[in-house]
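Here is the structure we will look at.
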Amino acid sequence: MGITTDIAEQLTTKPQSGVASGGNGPDLPVLAVVVPCLNEELLVAQTAQRLIDFMQTLVDATRIDDNSFVYFVDDGSSDSTWKIIEDLNRRNRRVKGLKLARNVGTQNALLAGLLGVKDRVDCVVTIDADLQQDEQVIETFLEKYRQGVHIVYGVRRRNDAAWLKRFTSWFFYNMLELMGARIIKHHSEYRLVSRKALEAIAQYPEYNLFLRGIFVDIGYRSESVAFDVRRRSAGRSKHGLRKLASLAFDGITSFSVVPLRIVTGFGLLIFLFSGIMTLFYLYEKFMGRTPPGWAGTVIPIYFLGGVQIMFLGLVGEYIGKIYKEVKARPRFIKDEELF
Ligand code: UDP
Ligand code: MG
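Be aware that the sequence shown starts at 349, since it is given in the working numbering, and climbs by one per residue.
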């Protein structure tokens, strides 16, 4: 009985590599390149061409299976991005696409892409539509994958972005580290993920998703590969300061309760301090000296008021997160899919 089920299982489970093989080799991995797009009409065609060309060289060099493809995720664009993707899909078998019903932000768009291709591939690379990351490095990613690495992180070698962006990213990584969130420094969303790691990702149901933290959290074998950042060739960055700040805040609060602990510690300190002050005032009164009047009363009121409101806000942030998790709404809604 046991043996027969084992055999039946072996017959039904797909091999680790070559999920959809039958292309240019039996054991070559099927690769999907997932590209999130928000209003990228100026770039998407050019990006598709470059990725397809590069993919062809990888196929010709027998590095990947011929069924490998590029998967564009349209994150609720209001321009003609989706029209262009549809058109590319009609003309090239390697171009596939997913249209989300509305803008859900890069994190969730990437998740939609990863989960969308999960059952069709052996490994996935995520890359930005502006190809600011050097796509040639994917070859090194694949080499690591062949050696059994499940998550390959692309790490920026040199960053010649505007100083404000450089500063915010420096601040972001150091804050995260300080708060005890485990992340890979100078790694954004450029990475290769094996199918096994995708299966693991599918088990994280959280609404407040911070992919960079989650991949570290899985614990599978991982390595980093350095790459050079290029400038955006057309269009504007879709990540304004506000989006970046909110990403940083989400990163910290979804992976660390250190801020809450700081609040508790700070509250304790103020409590001790006001205890000492009370004793001091009682002593002064007892000695018959006139208590220091207005300033001594009003300043602590303002100070404590401020501290309390600030920390209430912080606690509220976490409660807001819990609220969203409890509702467990879908993290993205698929509108259309092209395969
Ligand atoms: N993006 C997205 N949804 C958003 C914002 C951005 O899918 O809400 C995509 C965008 O189209 C691009 C990638 O995320 O492919 C990175 O964004 P961008 O290049 O604008 O930001 P930056 O490189 O400045 O961080
Ligand atoms: Mg960019």
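C-beta: ideal position from N, C-alpha, C; glycine also. Every value quoted in this text rests on a predicted model; they were computed, and no experiment measured them.
query	result
So the alpha helix (DSSP H) S699 belongs to, where does it begin and stop?	Nothing can be reported for residue 699: it is not among the residues displayed for the chain, which extend from 349 to 687.
For the alpha helix (DSSP H) holding S688, just list the boundary residues, first then last.	It is not possible to answer for residue 688, since the shown part of the chain is limited to 349 through 687.
Give the range of the alpha helix (DSSP H) segment to which S622 is assigned.	606 to 634
In or out: D423 buried (at least 16 other Cβ within 10 Å) or exposed?	buried
Going straight from the alpha carbon of G453 to that of V465, what length do you get?	19 Å
Work out the CA separation of K675 and I610 for me, nearest whole Å.	28 Å
What I want to know is whether the C-beta of Q480 ends up closer than 7 Å to one or more non-hydrogen atoms of ligand 2.	yes
How many whole angstroms separate the CB atoms of R560 and H535, which I take to be in contact at a CB cut-off of 8 Å?	6 Å
Classify D482 as helix, strand or coil using the three-state DSSP reduction.	coil
Relative to the alpha-carbon of R450, which residue among K431, I681, L686, I670 has its alpha-carbon at the smallest distance?	I681
Could you give the C-beta distance for V421 and A460, rounded to a whole number, given that I count them as a contact under 8 Å?	6 Å
Note down, in chain order, each residue of its chain lying with its Cβ closer than 8 Å to the Cβ of T601, except the 5 sequence neighbours on either side.	N556, P607, E665, Y666, K669
For V382, which option in K447, D427, D408, A409 has the closest C-alpha, if you only look at C-alpha atoms?	K447
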